[in-house]
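**Student:** If you scroll down you'll find the structure; I have some questions about it.
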Amino acid sequence: MAAQKAKKPTESPGQERPVREILRQCKPPKIHLVRFLYCGNDGVIRGKACHTRFLDSYLRSGIGLTVAMASFNMLDQLVPEGSFGPVGEIRLMPDPETFTVLPYVPKTARLLCDMLTLEGEPWGACTRTFLKRMIARARSAGLALRAAFENEFTLATRDRAPLDRSPCFSSIGMDSAAPVMLELVEALMAQGVYPEQYYAELGPGQQELPVRFADALRAADNQITLRETARGVAWKHGLLASFAPKPFPDQAGNGSHIHFSLWRLKDGKNHFHDARGRYGLSEAGYAFIGGVLAHLPALVALTAPTVNSYRRLQPRFWSSAYTAWGPDNREAAIRIPSKRRGLEMESTNLELKPCDPSNNPYLALGGLLAAGLDGLERELEPGEPALADPDTLSEAERRRRGIRRLPATLGEALDALERDEVLREALGPVLAKEYLAVKRSEVRGFQGRDVAFEIEQHFYKY
Ligand code: GLU
Ligand code: MG
């Protein structure tokens, strides 16, 4: 009972046991360092580590971080017009549920963090808190999002030459990448992330490793785990794992398509599923698509958020380039994947393609939820399905169907985000302002620079 009384107000009642369990698993000499990680507005995963001897206190009070990190861009610059500078602190407060021992570095564990003010309140610039807010918004409508990021990434030598040039889906590629991929699969399983399929993809050295879906917060956390683990395991093998959207300018890009579905809390059923609906999708599913398409030019500023992202979002690369949707259409921004026989309800989901692994997954999923929920509230219609590559339609036909070209540059996407009141309101004033400032500075940072500089800067930060 005494321990109960000593609890800090920020701790929920269920957290005391995970904290004790973490401390038990971290006893030195087994573990020395515990990383407190977060994902920045720039999509780069950063953090600080504490020694296990002091872990107990840091688990309770968080590790201090300068507020300036919310104004950092992917060129590792503090953005001059950002709101945050040298004065001010926040706390990286770990979520005990995210504790894992890292299988790819010695004697190290990690936790994923929220950002709290010194008073213990959620900080306005915290992206993980933004996703939690959107999850709560869905919950108040009786719904929960489940999602999985379907990652493609490139294995390369340390001087950025692709691991191989194996044919698409070939077992030749599976063989050349096997030592790394098998270790990656094991390392993910050890951290509670479950790879569901694997194949060698089309691009040079390109791999694809879709993982099992999870509740939205967990899915975003899993994306951090996957990026971290792929990078760490590849490094052990003398290789780089690059999640840059377009690591080689003229070859296939790296997507991280989001597969998602909404589930009803009251009966635990998939709200997108309707056996009698067109392509097996419910009216709610169509309204959600309507919302996502309505906001898509702005949403891509969150899901495909780097300068390099727009080299990927080109027609004819299966990454999508237009605000179109269609059944099993891999050039549509939203694909309705065909159901699996016998698993119709469970397997009903939507796939968002203009999304890549240089994003901050909390912003990407939170933005997707905000856009889709807006579609549900306003009962938006998605228009006609695209049954062919929208790039093959005439300009006039696309206009007739309301199919728009997605932004062709990060700058255009940011303009759309700035104009999009629904997404800006969802982000909240602090995060919206900071995100736009950070990303605008990235646009400026690449102005007048060549492709080689762009690739070099993106290749190994993601
Ligand atoms: N590599 C493609 C992209 O950039 C996706 C290919 C596919 O799996 O459909 O999104
Ligand atoms: Mg693929």
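Using the numbering used here, the letters of the sequence shown map in sequence onto residues -16 to 445. We put the CB at the ideal spot given by N, CA and C, even for glycine.
1. With C-beta atoms as the reference, is F152 less than 7 Å away from S239?
2. Report the rounded CA-to-CA distance for E439 versus L400, giving the unit in angstroms.
3. Would you grab the beta carbon distance between S292 and L393 for me? Rounded to a whole angstrom, and I think it's under 8 Å.
4. Work out the CA separation of I317 and L335 for me, nearest whole Å.
5. With H, G and I counted as helix, E and B as strand and the rest as coil, what does DSSP make of T(-7)?
6. Are the segment 44 to 56 and the segment 129 to 145 touching, with three or more C-beta to C-beta distances below 8 Å?
7. Who are the near neighbours of A(-11) in its chain, counting only those whose CB is closer than 7 Å to its CB and skipping five residues on each side?
8. Would the segment 83 to 96 count as touching the segment 114 to 123 if we require 3 or more Cβ pairs under 8 Å?
9. Quick one: does the C-beta of E314 sit closer than 6 Å to a heavy atom of ligand 2?
10. Would you check if the distance between the CB atom of G355 and the CB atom of G274 is smaller than 7 Å?
11. According to DSSP, is W301 part of a helix, a strand, or is it coil?
12. Using DSSP with H/G/I as helix, E/B as strand and the rest coil, what is E133?
13. Would you call A161 buried or exposed, if buried means 16 or more other Cβ atoms sit within 10 Å of its Cβ?
14. In the DSSP output, what is I73 paired with across the bridge?
15. Within 10 Å of its beta-carbon, does S265 have 16 or more other beta-carbons around it, so buried, or fewer, so exposed?
16. For L478 and Y21, which I take to be in contact (beta-carbon distance under 8 Å), what is that distance rounded to the nearest angstrom?
17. Any heavy atom of ligand 2 within a distance shorter than 6 Å of the CB on E184?
18. Please tell me whether, using a cut-off of 6 Å, the distance from the CB of E191 to the nearest non-hydrogen atom of ligand 2 is below it.
19. If we ignore side chains and look at the alpha-carbon of each, how far apart do P340 and V426 end up?
20. Less than 7 Å between the beta carbons of T128 and L352, yes or no?
21. Under 6 Å: does the beta carbon of E135 sit that close to some heavy atom of ligand 2?
22. Could you tell me if the beta carbon of W308 falls within a distance shorter than 6 Å of some heavy atom in ligand 1?
23. Classify D433 as buried or exposed, calling it buried when 16 or more other Cβ atoms lie within 10 Å of its own Cβ.
24. Report all residues from its chain with a CB closer than 7 Å to the CB of K444; omit the five preceding and five following residues, and keep chain order.
25. To the nearest angstrom, report how far apart H15 and T91 are at their CA atoms.
26. Use the C-beta contact count for H278: other C-beta atoms within 10 angstroms, 16 or more gives buried, fewer gives exposed.
27. Less than 6 Å between the CB of G236 and some heavy atom of ligand 1, yes or no?
28. I'd like to check one pair, S66 with E408: are the Cβ atoms closer than 7 Å?
29. Report the three-state DSSP secondary structure of A121 (helix, strand or coil).
**Tutor:** Straight from the coordinates:
1. Residue 152 sits at position 169 when you count from the first residue of the sequence shown. Residue 239 sits at position 256 when you count from the first residue of the sequence shown. No, the Cβ-Cβ distance between F152 and S239 is not below 7 Å.
2. Position 456 of the sequence shown holds residue 439. Position 417 of the sequence shown holds residue 400. The alpha-carbon atoms of E439 and L400 are separated by roughly 27 Å.
3. As a first step, residue 292 is located in the sequence shown; it is residue number 309 there, counting from the start. As a first step, residue 393 is located in the sequence shown; it is residue number 410 there, counting from the start. Contact flag correct, Cβ pair sits at about 7 Å.
4. Looking up residue 335 in the sequence shown gives position 352. Looking up residue 317 in the sequence shown gives position 334. Cα to Cα, L335 sits roughly 5 Å from I317.
5. Working through the sequence shown from its first residue, we reach residue -7 at position 10. Here the model assigns T(-7) a pLDDT of 48, short of 50, so the residue's position is not dependable and the matter cannot be decided.
6. no
7. In the sequence shown, residue -11 corresponds to position 6, counting from 1. Caution is warranted here: a pLDDT of 43 is assigned to A(-11), below 50, making its placement in the model unreliable, and the coordinate value is therefore given only provisionally. Hits under 7 Å: none found.
8. no
9. Here residue 314 refers to the residue found at position 331 when the sequence shown is read from its first residue. E314 Cβ: outside cutoff for every heavy atom of ligand 2.
10. In the sequence shown, the residue the question calls residue 355 occupies position 372. In the sequence shown, the residue the question calls residue 274 occupies position 291. Closer than 7 Å, so yes.
11. Working through the sequence shown from its first residue, we reach residue 301 at position 318. Reduced to three states, the DSSP call for W301 is coil.
12. As a working mapping, residue 133 is identified with position 150 in the sequence shown. Correct three-state label for E133: strand.
13. Here residue 161 refers to the residue found at position 178 of the sequence shown. Answer is exposed; the Cβ neighbour count stays below 16.
14. Sequence index remark: in the sequence shown, residue 73 carries index 90 (1-based). I73 is bridged by DSSP to L48.
15. For the purposes of this step, residue 265 is identified with residue 282 of the sequence shown, where counting begins at 1. Buried, by the Cβ-count rule.
16. As displayed, the chain neither begins before -16 nor continues past 445, which places residue 478 out of reach and without an answer.
17. As a working note, residue 184 is residue 201 in the sequence shown. Yes, since a heavy atom of ligand 2 falls inside the 6 Å radius drawn around the Cβ of E184.
18. On the sequence shown, residue 191 is found 208 positions in, with the first residue counted as 1. Correct: E191 has its Cβ closer than 6 Å to ligand 2.
19. Along the sequence shown, one-based indexing puts residue 340 at 357. Along the sequence shown, one-based indexing puts residue 426 at 443. Near 18 Å, if we compare the C-alpha coordinates of V426 and P340.
20. Taking the first residue of the sequence shown as 1, we reach residue 128 at position 145. Taking the first residue of the sequence shown as 1, we reach residue 352 at position 369. Note that residue 128 is Leu in the sequence shown here, rather than Thr. It is a contact, given that the beta carbons lie within the stated cut-off.
21. Locating residue 135 in the sequence shown gives position 152, where the first residue counts as 1. Yes, since a heavy atom of ligand 2 falls inside the 6 Å radius drawn around the Cβ of E135.
22. The residue given as residue 308 occupies position 325 in the sequence shown. No, ligand 1 has no heavy atom inside 6 Å of this Cβ.
23. Looking up residue 433 in the sequence shown gives position 450. With fewer than 16 other Cβ atoms within 10 Å, it is exposed.
24. As a working mapping, residue 444 is identified with position 461 in the sequence shown. Correct list, in chain order: V27 and M57.
25. To locate residue 15, count along the sequence shown from 1; it is residue 32. To locate residue 91, count along the sequence shown from 1; it is residue 108. Going from the Cα of H15 to the Cα of T91 covers about 6 Å.
26. Indexing the sequence shown from 1 puts residue 278 at position 295. The residue is buried, with at least 16 neighbouring Cβ atoms inside 10 Å.
27. Your numbering for residue 236 matches position 253 in the sequence shown. Relative to the non-hydrogen atoms of ligand 1, the Cβ of G236 comes within a distance shorter than 6 Å of at least one.
28. Counting from one through the sequence shown, the residue named residue 408 turns up at place 425. Counting from one through the sequence shown, the residue named residue 66 turns up at place 83. No, Cβ-Cβ distance for E408 and S66 is not below 7 Å.
29. Counted from its first residue, the sequence shown places residue 121 at position 138. Here A121 sits in helix by DSSP.
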